[in-house]
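Below: one structure, written as structure tokens.
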Amino acid sequence: MAFITKEKFLSNEWLAAYTYLILGSIIFAVSDILFVVPYKLAPGGVYGIATVLNTMFSWKISYCTFAMEIPLVILGTIILGPRFGIKTIVSIATILITVWIMETFVSVGYPKVILDPMLNTIVAGVFYGISIGLIFKSRATSGGSDIIAMILAKYTKLSLGKLVMIVDGIIVLFTLIQPTESGTIGWEFAIYSLIIIYIEGKIIDMVVSGASYHKTVMIVSDEYESIAAKIKNELMRGATIFTGTGAYSGQERKMVYSVMSRRELEILKLHIKEVDPEAFVNVTEANEIIGKGFQSLNDEEAGH
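Numbering (full-length UniProt numbering), first residue to last: 1 to 304.
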């Protein structure tokens, strides 16, 4: 049986990962209570749904989220396997506890810290992006819509990135049923929520070290078949397998080449770590991608 040594437990990599995870989770929770809930916004995820339920029925955000997160984690584990790991559970627990503490002892009544709606939206998007980016850097997810998207990806041909956008977009529509002060449809809630999602996505890319949304990845591994199957069957991306010869060893090796979103890449890296921790992985930014599954040549020509 393998034991975790004190040196490994206190290694820089372990400390950095959990520092990113806990810090990102706390920032997410604080941002949600201070900048999102007071303006009745719902920028995707289970916390977006919880905000709507809080507005309509005065239910606590933490209780609503707990009721949704636990079944999602169980369902995701049954359908997808134990891919989430201890880090995602730690992230969910940290966010829930922080939200509960703020609801109970700090932000009773959800006061508006920033009175200007647009400035509040920008600040919310920035802090949301920083928090989720830190969580992704720790190789974890915050649960919620990510789990829903992974389940849908298993049974559809859509990419994980598109499914996350679809799920979050549907959640944003829930803001339309919230009552406004004038009694009209809450279009402003949806618009501000979409702005948060846009800013959040840009900041996440910056935090995870890459301004480009898509990444080009090249993997040299003996487990190339498993890696290629993961890309094709679960991430719903294309992949090309090349045969090359190592200049130093002279041995023939296989290389997998693919292009995918930042979110999909984080999932792939987890899989590579499981099947072949010694694999050689090269990731570069893909600033412009033209072809099937991305921007078509016809669209490129039309833009000029």
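All residues carry an ideal CB built from backbone N, CA and C; glycine is no exception. Model, not experiment: these values are computed from the prediction.
Rounded to whole angstroms, the gap between the alpha carbons of residue 100 and residue 62 is 5 Å. Sixteen is the threshold: since fewer than 16 other Cβ atoms of the shown chains lie within 10 Å of the Cβ of residue 246, the residue is exposed. Around the beta carbon of residue 81, fewer than 16 other beta carbons sit within 10 angstroms, so the residue counts as exposed. The beta carbon of residue 113 sits closer than 8 Å to the beta carbons of 34, 35, 38 and 120 from its chain, once the five residues preceding and following it are set aside; these are given in chain order. According to DSSP, residue 260 shares a beta bridge with 215.
When 94, 45, 255 and 21 are compared, the shortest CA-CA separation from residue 242 is found for 255. Judged by DSSP in its simplified three-state form, residue 191 adopts helix.
Comparing C-alpha distances from residue 147 to each of 263, 64, 138 and 192 shows the shortest one belongs to 263. Note on geometry: alpha-carbon atoms of residue 258 and residue 240 lie some 7 Å from one another. Counting only the Cα atoms, residue 219 lies some 14 Å from residue 266. Nearest C-alpha to residue 139 among 95, 20, 278 and 98: 20. For residue 12, the uninterrupted alpha helix (DSSP H) run begins and ends at 12-31, by DSSP.
Cα atoms of residue 15 and residue 23: separation of roughly 12 Å, rounded to the nearest angstrom.
Scanning its chain for C-beta atoms nearer than 8 Å, with the 5 sequence neighbours on each side dropped, one finds around residue 66 the residues 96, in chain order. In this structure, the beta-carbon distance from residue 215 to residue 271 does not fall below 8 Å. Within the DSSP bridge table, the entry for residue 244 names 253 as partners. CA-CA distance, residue 104 to residue 158, rounds to 41 Å. Rounded to whole angstroms, residue 122 and residue 71 show a C-alpha spacing of 32 Å.
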